[in-house]
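Chemist:
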Amino acid sequence: MENNSNILVYADSMLELAQEMDKVREFQEQFFHIENVLIHNPSLFTFLKSHMNSKTQRHEILDSVFTKKVSEPVLNFLKILIDKNLIFYWEKIFKRFTKNADEISKIARGIIYSGFPMHTSQINKIVNLLAQKLNKNIIVEHRIDKNLLAGIKIVIDNHIFENSVASLLNQIKSDILK
0 MENNSNILVY ADSMLELAQE MDKVREFQEQ FFHIENVLIH NPSLFTFLKS HMNSKTQRHE
60 ILDSVFTKKV SEPVLNFLKI LIDKNLIFYW EKIFKRFTKN ADEISKIARG IIYSGFPMHT
120 SQINKIVNLL AQKLNKNIIV EHRIDKNLLA GIKIVIDNHI FENSVASLLN QIKSDILK
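Here numbering that gives the first Met the number 0 is used: the first residue of the sequence shown is 0, the next is one more, and so on.
#1: If I'm right that L37 touches F44 with Cβ under 8 Å, what's the distance once you round it to whole angstroms?
#2: Do I159 and G109 have their C-beta atoms closer together than 7 Å?
#3: Between N157 and the ligand GTP, is there a pair consisting of the residue's CB and a ligand heavy atom that are separated by less than 6 Å?
#4: Does any residue of chain B have a CB that is nearer than 7 Å to the CB of T97?
#5: Starting from N136, trace the beta strand (DSSP E) both ways and give me its first and last residue.
#6: Specify whether the region 122 to 137 and the region 93 to 100 touch according to this definition: at least 3 beta carbon pairs, one from each stretch, less than 8 Å apart.
#7: Straight-line CA distance for N157 to K91?
#8: Work out the CA separation of N146 and I175 for me, nearest whole Å.
#9: With a threshold of 16 other CB atoms inside 10 Å of the CB of A149, please say whether the residue is buried or exposed.
#10: With DSSP as the reference, please indicate the residues paired to R24 in a beta bridge.
#11: Quick check on this structure: which residue in M13, K83, S12 has the alpha carbon closest to the alpha carbon of S53?
#12: Just to check my reading of the structure: F76 and I60 have Cβ atoms closer than 8 Å, yes? What is that Cβ distance to the nearest angstrom?
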């Protein structure tokens with residue numbers, strides 16, 4: 000088993016290349032595409048990880064699946080991971096690359112929880128306010144949380160912004176107990 004820091008050097012090197020080529024955003028989108036394909040096709044990921052298949056076979060599968068979807072440097076990166084038997088660590092490499100790419104691009108990702116569906120315009124207003132507050136571009140996903148009676152809860156990076164009945168009740172309880 001490889002040392003974690005040795006594995007993550009590959010993610011850092013790929014990010015460095017992306018910066019040199021001024022393609023951080025493009026490579027990051029391609030990494031997300033690869034991740035999505037691997038999540039939705041677990042048999043493909045199993046094939047790529049299997050030593051029962053030759054490296055040539057695995058390279059050919061990568062070519063057939065990703066050639067028109069990712070750039071040559073990203074495709075070659077995947078082939079290197081196969082050649083070095085590091086494709087097993089794709090998830091760690093993916094997370095490291097995308098996290099650091101977000102930092103470079105001043106992007107924060109998060110989730111808006113609400114007890115009800117929200118209109119796109121409401122979400123956009125929240126995103127704009129958060130972008131101003133955090134001085135970053137914000138990318139959010141909206142999820143319904145039936146435990147929220149009213150209000151919303153926003154989780155971005157290590158920040159939690161909550162304006163819900165539950166948080167209000169907890170604040171009142173805290174004030175009473177003081």
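Heads up, the beta-carbon is just placed ideally off N, CA and C, and yes, glycines get one too.
Modeler: In short, the structure shows the following:
#1: 5 Å
#2: no
#3: Within the structure as shown, the ligand GTP is missing, as the structure has no ligands at all.
#4: Of the protein chains in this structure there is only one, and it is not chain B.
#5: 136 to 143
#6: no
#7: 19 Å
#8: 24 Å
#9: exposed
#10: Its beta-bridge partners do not exist; DSSP assigns none.
#11: K83
#12: 15 Å between Cβ atoms; not a contact.
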